[in-house]
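Beneath this line is the structure, given in structure tokens, with notes to follow.
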Amino acid sequence: MTKTIPAALVLLMAVTLSVCAAEVSKKEMRDASAWRRAHFAWPRAAAEAPASGTRRLTGLFVHANHDPVFLNERGGEPLRIKDREYRTGIYAHAASDVEAFLPEDSVRLTAEVGLDARSGGGSVVFVITDSHGAELYRSPLCRQGMEPVPVDIPLPAADSIHLMVTDGGDDIACDQSDWGDIAVYDSRGTAVFLGELGLLKNTAFLPPRSFSDTPFFFRYGDSSSDELLPGWEYSVTTEKADRSRTRTTQIYRDPGTGLEVRCERVDYAGFPITEWVLWFKNNGRRNTPVLSDVRCLDVRAPGPGPFLLHHAAGAAVTPADYRPMTTLLKEGEPFSVFPATGRCTGSDWPYFNLETGDGGGLIAVIGWPGQWRCDFVSEGGRARISGGYEMAAFTLYPGEEVRTPLSVAMNYSGDWERAQNIWRSFMLSYGMPENAAPMHVASSSLWYGEMTRADADSQKLFIDRYAEEGFRLKYWWMDAGWYPCGGEWARTGTWEPDKDRFPEGLGEVSRHAHEKGSGLIVWFE
Numbered sequence: 005m006t007k008t009i010p011a012a013l014v015l016l017m018a019v020t021l022s023v024c025a026a027e028v029s030k031k032e033m034r035d036a037s038a039w040r041r042a043h044f045a046w047p048r049a050a051a052e053a054p055a056s057g058t059r060r061l062t063g064l065f066v067h068a069n070h071d072p073v074f075l076n077e078r079g080g081e082p083l084r085i086k087d088r089e090y091r092t093g094i095y096a097h098a099a100s101d102v103e104a105f106l107p108e109d110s111v112r113l114t115a116e117v118g119l120d121a122r123s124g125g126g127s128v129v130f131v132i133t134d135s136h137g138a139e140l141y142r143s144p145l146c147r148q149g150m151e152p153v154p155v156d157i158p159l160p161a162a163d164s165i166h167l168m169v170t171d172g173g174d175d176i177a178c179d180q181s182d183w184g185d186i187a188v189y190d191s192r193g194t195a196v197f198l199g200e201l202g203l204l205k206n207t208a209f210l211p212p213r214s215f216s217d218t219p220f221f222f223r224y225g226d227s228s229s230d231e232l233l234p235g236w237e238y239s240v241t242t243e244k245a246d247r248s249r250t251r252t253t254q255i256y257r258d259p260g261t262g263l264e265v266r267c268e269r270v271d272y273a274g275f276p277i278t279e280w281v282l283w284f285k286n287n288g289r290r291n292t293p294v295l296s297d298v299r300c301l302d303v304r305a306p307g308p309g310p311f312l313l314h315h316a317a318g319a320a321v322t323p324a325d326y327r328p329m330t331t332l333l334k335e336g337e338p339f340s341v342f343p344a345t346g347r348c349t350g351s352d353w354p355y356f357n358l359e360t361g362d363g364g365g366l367i368a369v370i371g372w373p374g375q376w377r378c379d380f381v382s383e384g385g386r387a388r389i390s391g392g393y394e395m396a397a398f399t400l401y402p403g404e405e406v407r408t409p410l411s412v413a414m415n416y417s418g419d420w421e422r423a424q425n426i427w428r429s430f431m432l433s434y435g436m437p438e439n440a441a442p443m444h445v446a447s448s449s450l451w452y453g454e455m456t457r458a459d460a461d462s463q464k465l466f467i468d469r470y471a472e473e474g475f476r477l478k479y480w481w482m483d484a485g486w487y488p489c490g491g492e493w494a495r496t497g498t499w500e501p502d503k504d505r506f507p508e509g510l511g512e513v514s515r516h517a518h519e520k521g522s523g524l525i526v527w528f529e
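The opening position of the sequence shown corresponds to residue 5 in the working numbering, with each subsequent residue numbered one higher.
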């Protein structure tokens, strides 16, 4: 018989567990200290430390496509552009983005592209970019019945490229397209047909690294942080932030380009928890080389395998939201988790509990901002957790500074559910806001579509009305829709104010808010 437990009792049980079952052991505190010493020391040269990584990933991963992608056929028949048939290739339907993870030493790509002979119409443009979005090829406009368009381009040194099919300007109806006999060649002229590589279920690829001394990884130009940091200028300071927290700041400086990498770490006296954030700042006079593959969390889990990953679904607005999941890490097979929607908790939750085979484990967390990604792999009886911003690649102008998401690690011994309650206690102690006064109950603009029709005058009017009624606003929040969107907030991508509604930009609203003692918050994703 199934019994329903009252919601109030469930809440009481949860609070009781988080308070009564969250005793931190001395061993856990010692383990956390040892873990910090192993991950936050002066980095040795990469050659001095044992390397760890995964085999090179090859295959095709579908980021976007209208209906399924097919390899080497369409509905059991060969791919066909006009009168020409192809033994291999990729069948896609705009809007399509297929990432091809290439074999080593891929220096050239060839193909014939066009509308499939059975498409029934349509018009498309084929585009190839590198993994950072730089365009390598763009076809002329292709329509059904046209001759195949030959493609023959050199490839940059890269692990992957993106094969995209875009709408030709008349919507995506009938935009059924073929990459006929698409192949890459190595420097000896040996061909590999991409249609024979197969489709990937995930794209976890972890760069080899030493794991000697830093809990993060990045690439700077053509070199990795493991290769660079041992030769950079280094300083470290430690101070007491308050009675229960100690702050350590490690700074690495590149004397050649002026890049400064600052790792700010906080340790907690009562919890086996370490949190840190990375800052990248250009102190030089020129633009920096490209920073890429920025993994703010790149650590080893303590203990031997097997490794069982406890994680949770995000909020996709379905009955399965926040459901708990477990994944057994298979030896040598990377497993990746990332939000599918571009929203930080849209499909998956960035909190992970990796249970080890010796009765302990590590809780690892990536901060919410942006499109994060976390990869896991078990190799040689040890586990690696590696995450950060997905597909990050950027240059810093002189004086510019950016930060990564906050990373958190918690060492624990014993039962993984007990560890979850320690984590809850930590969040209640340090992660929950404390409000001195009850919050006002405010009406939500969710039901009004306010911001998609808002203009500068209406925003100033509302700010004034709150002030007239005696409400002291810390911030005036302009929600989704302040950009050009045609009345539909989900049409994102142009992060500039709608000049028809905000002819002077958002500065006019911001100045007015500050005159009334408020700041301004603007929604974007």
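All residues carry an ideal CB built from backbone N, CA and C; glycine is no exception.
- Of the candidates Ile157, Asp217 and Asp175, the residue whose Cα lies closest to the Cα of valine 188 is Ile157.
- For the pair glycine 361 and cysteine 300, the Cα-to-Cα distance works out to about 26 Å.
- Comparing C-alpha distances from valine 281 to each of Asn287, Asn291, Ala273 and Arg269 shows the shortest one belongs to Arg269.
- Take threonine 170, set aside five residues on each side of it, and the residues of its chain with a beta-carbon closer than 7 Å to its own are Ala98, Ala99, Val128, Val129 and Val131, in chain order.
- Excluding its 5 nearest sequence neighbours in each direction, phenylalanine 74 has C-beta neighbours in its own chain below 6 Å: Tyr95, listed in chain order.
- Here the alpha carbons of threonine 241 and asparagine 286 stand approximately 21 Å from one another.
- Three or more Cβ pairs closer than 8 Å define a contact, and the stretch 304-319 falls short of that threshold against the stretch 229-245.
- Membership of asparagine 357 in the beta strand (DSSP E) is indicated by the continuous run 355-359.
- Scanning its chain for C-beta atoms nearer than 7 Å, with the 5 sequence neighbours on each side dropped, one finds around glycine 509 the residues Pro501, in chain order.
- Here the alpha carbons of aspartate 483 and glycine 490 stand approximately 15 Å from one another.
- When Glu421, Ala317, His166 and Asp179 are compared, the shortest CA-CA separation from asparagine 357 is found for Glu421.
- With 16 or more neighbouring CB atoms inside 10 Å of its own CB, asparagine 415 falls in the buried class.
- Taking C-beta separations shorter than 6 Å and ignoring five residues to either side along the sequence, the partners of tryptophan 527 in its chain run Asp483 and Ala484, following chain order.
- Contact check for proline 293 and phenylalanine 44: beta-carbon distance about 25 Å, past the 8 Å limit, so the pair fails to qualify.
- By the Cβ criterion, the stretch 318-335 is in contact with the stretch 345-352, since at least three pairs of Cβ atoms, one from each stretch, lie closer than 8 Å.
- Bridge pairing for tryptophan 280: Arg269 and Ser411 [DSSP].
- Taken in chain order, the complete beta strand (DSSP E) segments of 3 residues or longer contained in the stretch 184-243 are 195-197 and 221-224.
- Contact annotation: aspartate 163 and leucine 106 have beta-carbon atoms nearer than 8 Å.
- Counted as a single uninterrupted DSSP element, the alpha helix (DSSP H) harbouring glycine 511 occupies residues 511-519.
- Contact check for aspartate 217 and tryptophan 46: beta-carbon distance about 6 Å, within the 8 Å limit, so the pair qualifies.
- Between alanine 387 and glycine 309 the beta-carbon gap is near 7 Å, inside 8 Å, which marks them as a contact.
- Each residue's CA atom was taken as its position, placing arginine 290 and glycine 118 some 43 Å apart.
- In this structure, leucine 263 places its C-beta atom within 8 Å of the C-beta atom of glycine 288.
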